[in-house]
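Undergrad:
There are 2 protein chains.
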Amino acid sequence: MGTRDQLVDSARELLWERGYVGTSPKAIQQRAGAGQGSMYHHFAGKKDLALAAVRRSAEELLAAADAQLRTPGTAVERITAYLRREREVLKGCPIGRLTQDPDIVADPDLRAPVDETLTRLRARLAEVLDEGRDTGELPTSPNTAALDTAALAATIVAVLQGGYVLARAAGSPEPFDQAVSGLLALLAAH
Amino acid sequence: MGTRDQLVDSARELLWERGYVGTSPKAIQQRAGAGQGSMYHHFAGKKDLALAAVRRSAEELLAAADAQLRTPGTAVERITAYLRREREVLKGCPIGRLTQDPDIVADPDLRAPVDETLTRLRARLAEVLDEGRDTGELPTSPNTAALDTAALAATIVAVLQGGYVLARAAGSPEPFDQAVSGLLALLAAH
DNA sequence: GTCTATACTGAGATAGAC
DNA sequence: GTCTATCTCAGTATAGAC
Numbered sequence: 001m002g003t004r005d006q007l008v009d010s011a012r013e014l015l016w017e018r019g020y021v022g023t024s025p026k027a028i029q030q031r032a033g034a035g036q037g038s039m040y041h042h043f044a045g046k047k048d049l050a051l052a053a054v055r056r057s058a059e060e061l062l063a064a065a066d067a068q069l070r071t072p073g074t075a076v077e078r079i080t081a082y083l084r085r086e087r088e089v090l091k092g093c094p095i096g097r098l099t100q101d102p103d104i105v106a107d108p109d110l111r112a113p114v115d116e117t118l119t120r121l122r123a124r125l126a127e128v129l130d131e132g133r134d135t136g137e138l139p140t141s142p143n144t145a146a147l148d149t150a151a152l153a154a155t156i157v158a159v160l161q162g163g164y165v166l167a168r169a170a171g172s173p174e175p176f177d178q179a180v181s182g183l184l185a186l187l188a189a190h
Numbered sequence: 001m002g003t004r005d006q007l008v009d010s011a012r013e014l015l016w017e018r019g020y021v022g023t024s025p026k027a028i029q030q031r032a033g034a035g036q037g038s039m040y041h042h043f044a045g046k047k048d049l050a051l052a053a054v055r056r057s058a059e060e061l062l063a064a065a066d067a068q069l070r071t072p073g074t075a076v077e078r079i080t081a082y083l084r085r086e087r088e089v090l091k092g093c094p095i096g097r098l099t100q101d102p103d104i105v106a107d108p109d110l111r112a113p114v115d116e117t118l119t120r121l122r123a124r125l126a127e128v129l130d131e132g133r134d135t136g137e138l139p140t141s142p143n144t145a146a147l148d149t150a151a152l153a154a155t156i157v158a159v160l161q162g163g164y165v166l167a168r169a170a171g172s173p174e175p176f177d178q179a180v181s182g183l184l185a186l187l188a189a190h
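These protein sequence lines map, in sequence, to chains A and B.
Numbering follows the numbering used here, with no gaps: position 129 of the first sequence is 129.
Numbering follows the numbering used here, with no gaps: position 8 of the second sequence is 8.
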């Protein structure tokens, strides 16, 4: 693996652990075993490197989600598989966490991949829900209104992102698991 | 209002906007209109001041939640009122956001009030759900299992916390509202 | 209680040698 | 491509005068 890739990987780890504001170029270099000059040769600066790192993490996140959602089974089964997949709960979401970084949200270039990732994730989940509705597995409506799959997809992603928040606050994965269980119980009650 | 209180208020604002790592003592002082000496007279340092600020925000959060949850009405009505309450969605949760701050999570003193706040919020919501179950408003069970009110409470708080994440990523409150709508649709479907 | 001065470290980047 | 030197400013705090 080239030095450039090592820098990207180190940046990905540090952005996950400490966020953008909490990550210094020097820390990235040290973890990558690269010097100052090396980093500034490959990247224009901290922002440029962070952008490469975020894009890479975004790709992986979407690929991992798709891997669960593409398996055979009913919509609820596939969503359950996705929600119950093994996760490093206490580390949180490498993309979602960037949302709390003022320098990321304030910069359109840095926010764009974060936005796109979570938007596409919601769209993918909505697709799965649409399939479930079309096959009759999910009711056309809870009560009488049309099943709003876009809204429900947002709910599902929010439970994950919020579950991470609760787990990190508690210092334990338990509330994450509870939040997921509560959601699945509601889904199953149809 | 004394200088001390102005320092706490400024710290609360900045912690909300920029988190712990992203907030400097100097920035707090400037916003409070106080000098270096003044701050270090009233507080031992950044951590000490942050602790006072977080405790104050935690109090307010729990009081605001209780205000909604104590109104007359059914359990679902009260929870709906809480979820639909006016919020500065794009600012996120002043307590939940601290969860992404490495220096907060790593320090037991700083993490404690965050943990306690979200734990108590879940407990309060579980109480409301328990009441709804006892009065027969909520089914004793979706399907046949006992209604797990602790889990459902975690789901509700997670939807809020995750809703903030989605909204900040999108730069719009819309996905927050969708996530809440999706949850309420599921709750109403009982 | 508040101010100014001072100290030390780290962040973020540039310059030029190799 | 990578290294070392250097630069400037900000973060965090202490010291002592008023």
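Glycine included, every Cβ here is placed at the ideal spot set by N, Cα and C.
Because the structure is a prediction, the values reported are computed rather than measured.
Please list, in chain order, the chain B residues whose beta carbon lies closer than 7 Å to that of Glu17/A.
TA: Simply Pro102.
Undergrad: Using the C-alpha atoms, what's the distance from Ala67/A back to Leu49/B?
TA: Using only the alpha carbons, I get a separation of about 46 Å.
Undergrad: Do you know offhand how far Gly132/A's Cα is from Val21/A's?
TA: Going from the Cα of Gly132/A to the Cα of Val21/A covers about 42 Å.
Undergrad: I believe Ala27/A touches Leu14/A by the beta-carbon criterion, under 8 Å. Please report the beta-carbon distance rounded to the nearest angstrom.
TA: Rounded, the Cβ-Cβ distance is 6 Å, consistent with contact.
Undergrad: Taking the Cβ atom as the reference point for each residue, do Ala185/B and Thr149/B lie within a distance shorter than 7 Å?
TA: No. Outside cutoff.
Undergrad: Name the chain A residues whose beta carbon is nearer than 8 Å to that of Val114/B?
TA: Result: Ala169.
Undergrad: So with Cβ pairs under 7 Å, would you call Arg152/B a contact of chain A?
TA: It should be pointed out that residue 152/B corresponds to Leu in this sequence rather than to Arg. For Leu152/B, the answer is yes, since a Cβ of chain A falls inside 7 Å of its Cβ.
Undergrad: Looking at C-alpha atoms only, which residue of Tyr164/B, Ala151/B, Arg56/B, Gln100/B is the closest neighbour of Ala11/B?
TA: Minimum Cα distance to Ala11/B is reached at Arg56/B.
Undergrad: Residues in its own chain within less than 8 Å of Thr140/B by CB, not counting five upstream and five downstream?
TA: Closer than 8 Å at the Cβ level, and outside the excluded window around Thr140/B, lie Arg133, Ala146, Leu147.
Undergrad: For the region 158-173 of chain B against the region 157-164 of chain A, do three or more pairs of beta-carbon atoms, one drawn from each stretch, fall closer than 8 Å, so that the two count as touching?
TA: Yes, the region 158-173 of chain B is in contact with the region 157-164 of chain A.
Undergrad: Please confirm whether Leu138/A has its beta-carbon closer than 7 Å to some beta-carbon of chain B.
TA: No, Leu138/A does not count as interfacial toward chain B.
Undergrad: Give the interface partners of Asp209/B over in chain A, defined as CB-CB distance under 8 Å, in chain order.
TA: The question about residue 209/B has no answer here: the residues shown for chain B are numbered 1 through 190.
Undergrad: Below 8 Å on the Cβ atoms is my contact criterion, and I expect Ala169/B with Leu118/A to pass it. Report the Cβ-Cβ distance as a whole number of Å.
TA: The Cβ separation is near 5 Å, so the contact holds.
Undergrad: Please check the pair Ala65/A and Leu121/A, which I expect to be a contact at CB under 8 Å, by giving their CB distance rounded to whole angstroms.
TA: 6 Å between Cβ atoms; contact.
Undergrad: Listing by chain order, which chain B residues have their CB less than 7 Å from the CB of Gln178/A?
TA: The contacting residues are Ala150, Ala151, Ala154.
Undergrad: If we ignore side chains and look at the alpha-carbon of each, how far apart do Gln29/A and Ala32/B end up?
TA: Rounded to the nearest angstrom, the two C-alpha atoms are 37 Å apart.
Undergrad: Contact check, Pro102/B vs Glu17/A under 8 Å by CB: the rounded distance?
TA: Yes, they are in contact, since the Cβ atoms of Pro102/B and Glu17/A sit about 6 Å apart, within 8 Å.
Undergrad: Does the beta-carbon of Pro94/B have 16 or more other beta-carbons within 10 angstroms, so that it is buried, or is it exposed?
TA: It counts as buried.
Undergrad: In chain order, what residues of the same chain have a beta carbon less than 7 Å from the beta carbon of Leu90/B, not counting five sequence neighbours either side?
TA: The residues are Ala167, Arg168, Pro173.
Undergrad: Here's a check: name, in chain order, each residue in its chain whose Cβ is nearer than 7 Å to the Cβ of Ala179/A, leaving out the five neighbours to either side.
TA: So the list reads Val159, Gly162, Gly163, Leu166, once near-sequence residues are dropped.
Undergrad: Taking just the CA atoms, how far does Arg70/A sit from Ile79/A?
TA: Each residue's alpha carbon lies about 10 Å from the other.
Undergrad: Please report the straight-line C-alpha distance between Pro72/B and Gly37/B, rounded to a whole angstrom.
TA: In a straight line, the C-alpha of Pro72/B is about 50 Å away from that of Gly37/B.
Undergrad: With H, G and I counted as helix, E and B as strand and the rest as coil, what does DSSP make of Ile95/B?
TA: DSSP places Ile95/B in coil when its eight states are reduced to three.
Undergrad: Against Thr119/A, what residues of chain B qualify as contacts under a CB-to-CB distance less than 7 Å, listed in chain order?
TA: Residues of chain B passing the Cβ test: Ala170.
Undergrad: Check the Cβ-Cβ distances between Val192/B and every residue of chain A, and say whether any is below 7 Å.
TA: Outside the modelled stretch of chain B, which goes from 1 to 190, sits residue 192/B, for which no answer is possible.
Undergrad: For Asp115/B, count neighbouring C-beta atoms within 10 Å of its own C-beta (all shown protein chains included) and say buried if the count is 16 or more, exposed if not.
TA: Buried, since its Cβ has 16 or more Cβ neighbours within 10 Å.
Undergrad: If the cut is a Cβ gap below 9 Å, which residues of chain B does Gly132/A touch?
TA: Those within 9 Å of Gly132/A in chain B number zero; the least Cβ separation is about 14 Å.
Undergrad: So, with DSSP's three-state summary, where would you put His42/B?
TA: Three-state result, His42/B: helix.
Undergrad: For Tyr82/A, which three-state DSSP category applies?
TA: The answer is helix: DSSP assigns Tyr82/A an H, G or I state.
Undergrad: Would you kindly report the start and end of the unbroken alpha helix (DSSP H) that includes Arg70/A?
TA: Segment: none, Arg70/A is in no alpha helix (DSSP H) and carries neither H nor E.
Undergrad: Would you please verify whether the beta carbon of Leu183/B is less than 7 Å from any beta carbon of chain A?
TA: Interface residue, yes.
Undergrad: Quick check: is the beta carbon of Pro94/A nearer than 7 Å to any beta carbon in chain B?
TA: For Pro94/A, the answer is no, since every Cβ of chain B falls outside 7 Å of its Cβ.
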